[in-house]
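Visitor:
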Amino acid sequence: MNAETIITSVIPTGDDKRAGRGASLRLNGVRKVYGQNVVNDDISIDIQPGQFVTLLGA
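At position 45 of the sequence shown the residue is numbered 87 (this note's numbering), and the sequence of numbers has no breaks.
1) For the beta strand (DSSP E) that Leu-67 lies in, which residues bound it at each end?
2) In whole angstroms, what separates the C-alpha of Pro-91 from that of Asn-79?
3) Rounding to the nearest angstrom, what Cα-Cα distance links Ser-37 and Val-72 in this structure?
4) Using the DSSP secondary-structure output, state which residues sit across from Asp-88 in a beta bridge.
Okay, structure coming up:
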């Protein structure tokens with residue numbers, strides 16, 4: 043099975059006012075495709091310093 047990952051942008055951010063620094067990672071418009079099956083479409087997330095984030099599905 044072929045897998046394709048498309049990330050439209052990965053941008054360090056500067057808008058976290060709690061710690062005076064931005065997110066470690068910002069993902070915008072993430073799309074994951076297996077063959078012709080789109081399993082994730084247009085997912086956006088900010089990951090803060092020290093966070094561990096995963097996406098799970100069935």
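Cβ atoms here follow ideal geometry from the backbone N, Cα and C, with glycine treated the same way.
Guide: Per the coordinate set shown:
1) 67–76
2) Approximately 32 Å between the Cα atoms of the pair.
3) Because the chain spans 43 through 100 in this model, residue 37 falls outside it and cannot be assessed.
4) Arg-68
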